[in-house]
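Heads up: the sequence shown is residues -22 to -1, 1 to 127, going by mature numbering (1 follows the signal peptide of the UniProt record, and there is no 0). Okay, structure first, notes after.
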Amino acid sequence: MNYKTLFLCSLVGVLLFKEANCLNKRCIKCRSRGELGSCGDPFPFNVTEPEAEVGIHVVACPSGWCGKSFEGNIGAFKNDDYGAATERMCLQRPPSDYEERCAYTMWSHRKVYMCFCNGDLCNSSYKIVAIPSVILVTISILFYNFFYS
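Structure follows, in structure tokens:
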């Protein structure tokens, strides 16, 4: 087996491992009020050690969709600290259009600002999304340089 075949097999193995790893999706589950709460945004903890803080749990999420909601007047969080609440949870089912987004919505008869995301522990922080076409172009350039150099 030459080194190019070995490289290609390794790349396929890494991609398959990443896909298998994404099958077990988890979400952060917590709720807190006020700016000093442990569930606030930005999330103040390392998601690899969430159980170190009381009230923060990592839960299995069969749907794969996590949520994060902000209750209260978003612009007035500083003025009305007690009324501001942040909650992170696993959603029982995905949004009807399967789109990740943030928007105002009604949740338990209250108007909240809610974000939906799909991925392992995606509701623990702001999400950085890599554009698939950029990834494809990068891999294509690497293959071209590797095989035709």
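Virtual Cβ for every residue (Gly too), placed ideally from N, Cα, C.
Query	Result
Is it right to say Tyr126 is buried, meaning 16 or more other beta carbons lie within 10 angstroms of its own, or is it exposed?	exposed
Would Asn11 and Ala63 qualify as a contact pair, given that the criterion is a beta-carbon distance under 8 Å?	The question names Asn, but residue 11 is Arg in the sequence shown. Cβ atoms of Arg11 and Ala63: closer than 8 Å.
Do Leu69 and Gly45 have their CB atoms nearer than 8 Å?	yes
Does the Cβ of Glu13 have 16 or more other Cβ atoms within 10 Å, making it buried, or fewer, making it exposed?	exposed
What separation, rounded to the nearest whole angstrom, lies between the Cα atoms of Asn123 and Ile117?	10 Å
Please return the same chain residues whose Cβ sits closer than 6 Å to the Cβ of Cys100, not counting the five positions on each side in sequence.	Cys44
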